[in-house]
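K.L.:
Protein chains in written order, with the working numbering: chain Z, 186 to 393; chain C, 186 to 393. Glycine residues also receive a C-beta, built at the ideal position from the N, C-alpha and C atoms.
2 protein chains.
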Amino acid sequence: MMRPTLEFWYDFSSTYSYLAAQRIESLAEEAGVGVVFRPFLLGPIFATQGLTAAPFEQFPLKGQYMWRDLEREAATLGLPFCRPVPFPQSSVLAARIALVGLEPGWTPAFTRAVFTAQFGRGRNIGESSVLADILAGMDLDSEAVIAGAQGDANKLRLRRMVEEAQARGIFGAPAFVAEDRELFWGNDRLERALDWVTGQARRSELPV
Amino acid sequence: MMRPTLEFWYDFSSTYSYLAAQRIESLAEEAGVGVVFRPFLLGPIFATQGLTAAPFEQFPLKGQYMWRDLEREAATLGLPFCRPVPFPQSSVLAARIALVGLEPGWTPAFTRAVFTAQFGRGRNIGESSVLADILAGMDLDSEAVIAGAQGDANKLRLRRMVEEAQARGIFGAPAFVAEDRELFWGNDRLERALDWVTGQARRSELPV
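#1: V362(Z) and F225(Z): beta carbons closer than 8 Å?
#2: On a CA-only basis, which of T190(Z), A205(Z), P189(Z), R188(Z) is nearest A359(Z)? Give me that one, please.
#3: Tell me, please, whether the CB atom of E364(Z) is closer than 8 Å to any CB atom in chain C?
#4: Going straight from the alpha carbon of G290(Z) to that of R223(Z), what length do you get?
#5: Tell whether a beta-carbon distance below 8 Å holds between G305(C) and P271(C).
#6: Give the range of the alpha helix (DSSP H) segment to which W252(C) is assigned.
#7: Please report whether the beta-carbon of F244(Z) lies at a distance below 8 Å from any beta-carbon of chain C.
#8: Report the three-state DSSP secondary structure of W381(C) (helix, strand or coil).
#9: Is any beta-carbon of chain D found at less than 8 Å from that of K247(C)?
#10: What does Y201(C) reach in chain Z if we use C-beta pairs closer than 7 Å?
#11: Can you give me the Cβ contacts of R188(C) inside the same chain, cut-off strictly under 8 Å, excluding the 5 residues immediately before and after it?
#12: My understanding is that P273(Z) touches A239(Z), with C-beta atoms under 8 Å, so please give their C-beta distance in whole angstroms.
#13: To be precise: take each residue of the segment 364-380 of chain C, compare its Cβ to all Cβ atoms of chain Z, and keep it if any distance is under 9 Å. Which residues remain?
#14: Of all Cβ atoms in chain C, is any one closer than 8 Å to the Cβ of A232(Z)?
#15: If you run the structure through DSSP and keep just helix, strand and coil, what is L227(Z)?
#16: Check for me: the beta strand (DSSP E) holding T296(C) runs from which residue to which?
#17: Under 7 Å Cβ to Cβ from L379(Z), same chain only, skipping five residues before and after it: list those, please.
#18: Report the three-state DSSP secondary structure of L191(C) (helix, strand or coil).
#19: Shortest alpha-carbon distance to G228(C) belongs to which of A317(C), K247(C), R344(C), D326(C)?
#20: For G371(Z) and M251(C), what's the separation of their Cα atoms in angstroms?
#21: Would you mind working out which of L341(Z), R342(Z), L368(Z), E364(Z) sits nearest G354(Z), comparing C-alpha positions?
#22: For V330(C), which of helix, strand or coil comes out of DSSP?
#23: Could you round the C-beta distance between I310(C) and F197(C) to whole angstroms and report it? I think they count as a contact, below 8 Å.
#24: Taking the alpha helix (DSSP H) that A363(C) belongs to, which residues open and close that run?
#25: Is V382(Z) buried or exposed, if buried means 16 or more other CB atoms sit within 10 Å of its CB?
#26: Closer than 8 Å, CB to CB, is Y195(Z) near chain C or not?
#27: Can you find a C-beta in chain Z that's less than 8 Å from the C-beta of L391(C)?
#28: In the DSSP assignment, find the alpha helix (DSSP H) that holds E348(Z) and state where it starts and stops.
#29: Candidates G263(C), G248(C), P245(C): which alpha carbon is nearest R208(C)'s?
#30: Taking buried to mean at least 16 other C-beta atoms within 10 Å of its own C-beta, is V330(C) buried or exposed?
#31: Report the option in Y203(Z), I282(Z), Q243(Z), K247(Z) whose CA atom is closest to the CA atom of A338(Z).
#32: Can you say whether S314(Z) is buried or exposed, counting buried as having 16 or more other CB atoms within 10 angstroms of its CB?
#33: Any Cβ of chain C within less than 8 Å of the Cβ of A216(Z)?
#34: Less than 8 Å between the C-beta atoms of T200(C) and L255(C), yes or no?
#35: Return the CA-CA distance between Q234(C) and A280(C), expressed in angstroms with no decimal places.
#36: When Cβ atoms are compared, which residues of the segment 347-360 of chain C fall closer than 7 Å to chain Z?
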């Protein structure tokens with residue numbers, strides 16, 4: 186039997202994607218599930234819905250709550266937390282770099298490092314020097330990687346990824362997609378998504 | 186030592202409040218926590234944020250996802266689920282009636298019954314006959330209760346409840362408030378809110 190997989194869709198500027206990125210690999214490993222990393226951009230998707238900013242930016246009460254909730258959740262999970270300034274940060278270059286790492290296999294480590302830099306240490310991942318430091322710390326040739334990430338073919342690849350996210354009905358991050366069609370939204374649904382792909386969910390009670 | 190309590194803020198038209206209402210009493214009992222029922226209305230709070238509809242109504246993708254997620258969550262919890270038509274329904278009369286039941290103590294049972302009628306059986310709780318049936322099923326004098334609920338004093342009481350919700354920074358439902366100040370939003374945070382009031386949460390790592 187083939188090992189089941191779960192797609193992990195994330196935007197590097199998404200706060201709850203930070204929590205999911207730090208949890209998903211160990212939880213998936215325990216469940217015997219492979220994780221398919223899918224870095225994308227939420228901005229173009231918000232735009233098609235007529236949103237010019239994330240919901241928590243548009244509604245101050247929701248935004249204020251989100252930071253407190255993140256702080257509490259990070260403490261519960263034992264993760265460092267530091268509210269980044271500025272926020273939100275540009276996640277385009279980080280997403281492009283993450284795509285370059287898919288074939289050589291360093292995307293998971295890069296993803297964790299970028300999220301920790303931003304939400305654990307308050308660094309600005311919109312600055313290419315911050316991303317170059319992370320790549321160098323992973324023993325990669327940061328200059329070459331960034332040049333490849335900024336190439337036209339890779340830029341197009343990220344646009345295709347956004348289109349694929351839209352085709353899957355993704356409207357927020359993190360999102361998890363099982364079997365190309367079953368969508369789960371938010372860090373709080375990671376366990377449910379894993380249960381779904383391993384057959385632990387009560388699907389029999391649901392309409393197809 | 187006094188038994189700790191948790192405030193449960195809910196709007197009868199809120200989908201995830203249905204799930205919370207069916208879970209909160211048994212979970213709180215296990216944790217040794219008392220539940221303070223706080224029926225309120227989300228509409229006036231959305232209005233002060235410039236929203237004319239709930240977020241899931243404004244964004245079709247989010248709305249479509251919400252119904253699928255609810256269906257899955259209800260199956261996981263073993264709760265009946267039936268998408269109500271029309272939706273959203275008017276929750277004003279149900280909220281007024283729930284307030285009347287606070288002193289005599291039947292609000293928890295009434296709350297569960299109203300949510301089950303709407304989201305478990307697809308009935309329209311905006312119709313007073315549906316609510317009258319529920320009250321009668323609880324051996325209450327439905328005519329007298331509804332008359333009291335529609336009295337000026339009780340209408341004012343509901344407006345005060347909405348003001349109190351706003352003062353607590355509530356922007357969605359269900360919401361849980363611990364110790365008059367710590368806010369938790371969403372059915373997914375019920376366990377965290379209970380951990381908070383029983384002192385199981387890692388508060389020491391959080392700024393006050």
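P.N.:
Taking the structure as given:
#1: No, the pair does not count as a contact, with Cβ atoms beyond the cut-off.
#2: Looking at the sequence itself, residue 359(Z) is Pro, so the reference to Ala does not match. If we check each option's Cα against that of P359(Z), A205(Z) comes out closest.
#3: No, its Cβ sits nowhere closer than 8 Å to a Cβ of chain C.
#4: So the two alpha carbons sit approximately 13 Å from each other.
#5: Not a contact, by the Cβ cut-off of 8 Å.
#6: In this chain, the alpha helix (DSSP H) harbouring W252(C) covers 245-262.
#7: Using beta-carbon distances, F244(Z) counts as an interface residue toward chain C, with a partner under 8 Å.
#8: Judged by DSSP in its simplified three-state form, W381(C) adopts helix.
#9: Reference to chain D is not applicable here, since the protein chains of this structure are Z and C.
#10: Residues of chain Z passing the Cβ test: none, with the nearest at roughly 11 Å.
#11: Answer for R188(C): G217, V218, G219, listed in chain order.
#12: Taking 8 Å as the upper bound for CB-CB distance, P273(Z) and A239(Z) are in contact here, some 7 Å apart.
#13: Along the segment 364-380 of chain C, going in chain order, the ones with a CB nearer than 9 Å to a CB of chain Z are E367, L368, F369, W370, G371, D373, R374, R377, D380.
#14: Not one beta carbon of chain C lies nearer than 8 Å to the beta carbon of A232(Z).
#15: Coil.
#16: In the DSSP annotation of this structure, T296(C) is not part of any beta strand (DSSP E); the continuous alpha helix (DSSP H) holding it starts and ends at 292-300.
#17: Excluding residues within five positions, the ones whose Cβ falls inside 7 Å are L191, L212, A213, A216, V218.
#18: Look at L191(C) here: in three-state DSSP terms it is strand.
#19: Nearest to G228(C) by alpha-carbon distance, out of A317(C), K247(C), R344(C), D326(C), is R344(C).
#20: In this structure, the alpha-carbon of G371(Z) lies about 12 Å from that of M251(C).
#21: With distances taken between Cα atoms, G354(Z) lies closest to L368(Z).
#22: The three-state secondary structure of V330(C), taken from DSSP, is helix.
#23: Contact between I310(C) and F197(C) holds: CB atoms are separated by about 6 Å, below the 8 Å threshold.
#24: No alpha helix (DSSP H) contains A363(C), which is instead part of the beta strand (DSSP E) from 360-363.
#25: Buried, because 16 or more other Cβ atoms sit within 10 Å of the Cβ of V382(Z).
#26: Using a Cβ-Cβ cut-off of 8 Å, Y195(Z) does not count as an interface residue toward chain C, since no Cβ of chain C sits closer than that to its own.
#27: By the rule that beta-carbons nearer than 8 Å mark a contact, L391(C) touches chain Z.
#28: 337-352 is the span of the alpha helix (DSSP H), which, as asked, contains E348(Z).
#29: Nearest C-alpha to R208(C): G263(C).
#30: Burial of V330(C) is indicated by the presence of at least 16 other C-beta atoms within 10 angstroms of its C-beta.
#31: With respect to the C-alpha of A338(Z), the residue from Y203(Z), I282(Z), Q243(Z), K247(Z) having the closest C-alpha is I282(Z).
#32: Exposed: under 16 other Cβ atoms inside 10 Å.
#33: Proximity of A216(Z) to chain C, defined by a Cβ-Cβ separation below 8 Å, is not satisfied.
#34: Their beta carbons are under 8 Å apart, which means T200(C) touches L255(C) by this criterion.
#35: One C-alpha to the other measures close to 21 Å.
#36: Answer set for the segment 347-360 of chain C: G354, F356.
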